[in-house]
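Since the structure comes first, as structure tokens, the remarks are kept for the end.
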Amino acid sequence: MTALTHALLDLVLPVRCAGCDVSGEPWCASCRGEVVRLRQTPARRTWPDPCPPGFPPTWAATSYDGPVRAAVVAHKDGGRVDLLDLLAAWWCDAAATALEADDLTRSALRRGERVLVVPAPSSGRSVRERGRDPWAEVVEQATRGRSGLVASSVLQQVGRVRDQAGLSAAQRWANLEGAVRVRRGASVDGATCLLADDVVTTGSTLTEAARALHHAGAHRVVAVVLAATPRTVGAIRRRRGDGRLP
Ligand SMILES: [Zn+2]
Numbered sequence: 037m038t039a040l041t042h043a044l045l046d047l048v049l050p051v052r053c054a055g056c057d058v059s060g061e062p063w064c065a066s067c068r069g070e071v072v073r074l075r076q077t078p079a080r081r082t083w084p085d086p087c088p089p090g091f092p093p094t095w096a097a098t099s100y101d102g103p104v105r106a107a108v109v110a111h112k113d114g115g116r117v118d119l120l121d122l123l124a125a126w127w128c129d130a131a132a133t134a135l136e137a138d139d140l141t142r143s144a145l146r147r148g149e150r151v152l153v154v155p156a157p158s159s160g161r162s163v164r165e166r167g168r169d170p171w172a173e174v175v176e177q178a179t180r181g182r183s184g185l186v187a188s189s190v191l192q193q194v195g196r197v198r199d200q201a202g203l204s205a206a207q208r209w210a211n212l213e214g215a216v217r218v219r220r221g222a223s224v225d226g227a228t229c230l231l232a233d234d235v236v237t238t239g240s241t242l243t244e245a246a247r248a249l250h251h252a253g254a255h256r257v258v259a260v261v262l263a264a265t266p267r268t269v270g271a272i273r274r275r276r277g278d279g280r281l282p
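Here is the structure:
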């Protein structure tokens, strides 16, 4: 394609890199290379610092910065539905690591039990404003055709919950306390649950979601996120120096 054709197409149908917003391609060569490099690193255990009581064992595919951060935002708020496959596949890689590493979850699967993949609940308002639930779409895609894994949107936010963006860790915990519950009519009694979220920051969402699942009788709850904020991942590095738990 000539530069002129590119420029004309860009006028009619602007195409921008999901990672750095440069115009011309859905992914520029530099961001594509960075994503390929990041995907080669296995998911690792992560937790926020400070870590709220009840925070579930959590694995993160990567850290939340650079092209990954931009792609998550572009998929959620920029209408970049073409990123669904990449985000779902990447989350799936991390889920495979978590399923192998967590003894209880691994043995549930080996016994032929189903593992419920539970998306962290979005607020009703954000779903209404966006007209869709982007993260639930990623979880649906990630579990499609995976034996033993069943997407199960059993959690909902209840009451008045402020947008978490811009709140401190303490404010986030207070904001979500008691605000997540299992939907009426849904059952997780005795279930093994894999909580799924896009980003872990202070851990308040995963902690509340895990609390709600345990309260409703879930047997085991672990979490897998696409990305952990650099501060969260940094907590791991400080503890062991090599980014891995003992
Ligand atoms: Zn780029």
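Position in the sequence shown counted from 1, then plus 36, gives you this note's numbering.
Ideal Cβ placement from N, Cα and C applies to all residues, glycine included.
The model shown is predicted, which means the values in this text are computed figures rather than measured ones.
(message) The alpha helix (DSSP H) that contains Ala-215, what's its start and end?
(response) No alpha helix (DSSP H) holds Ala-215; DSSP gives it neither H nor E.
(request) Grab me the residues of His-250's own chain with a C-beta within less than 7 Å of its C-beta, minus the 5 sequence neighbours each way, in chain order. (result) Within the same chain, His-250 has close Cβ partners Val-257.
(message) Given 7 Å as the limit, tell me if Pro-62 has its C-beta closer than that to any heavy atom belonging to ligand 1.
(response) No.
(request) Assign Arg-146 to buried or exposed, taking buried as 16 or more other Cβ atoms, counted over all protein chains shown, within 10 Å of its Cβ. (result) Here Arg-146 is exposed, its C-beta having fewer than 16 other C-beta atoms within 10 Å.
(message) Taking its Cβ as the centre, do 16 or more other Cβ atoms sit within 10 Å of Asp-57, making it buried, or is it exposed?
(response) An exposed status is given to Asp-57, since fewer than 16 other beta-carbon atoms sit within 10 Å of its beta-carbon.
(request) Along the beta strand (DSSP E) that carries Pro-283, what are the first and last residues, could you check? (result) The structure shown has nothing for residue 283, since the chain only spans 37 to 282.
(request) Please find out if some non-hydrogen atom of ligand 1 comes closer than 7 Å to the beta-carbon of Ser-66. (result) The beta carbon of Ser-66 sits closer than 7 Å to at least one heavy atom of ligand 1.
(message) My assumption, with CB atoms under 8 Å, is that Ala-259 sits in contact with Leu-231. Please give the rounded CB distance.
(response) Confirmed, about 4 Å.
(request) Please indicate yes or no: does the CB of Gly-55 lie closer than 7 Å to some heavy atom of ligand 1? (result) Yes, Cβ of Gly-55 sits closer than 7 Å to a heavy atom of ligand 1.
(message) Give me, in chain order, the residues of the same chain whose beta-carbon lies closer than 7 Å to that of Gly-184; leave out the 5 immediate sequence neighbours on both sides.
(response) Excluding positions up to five away in sequence, the list reads Leu-145, Arg-150, Val-151.
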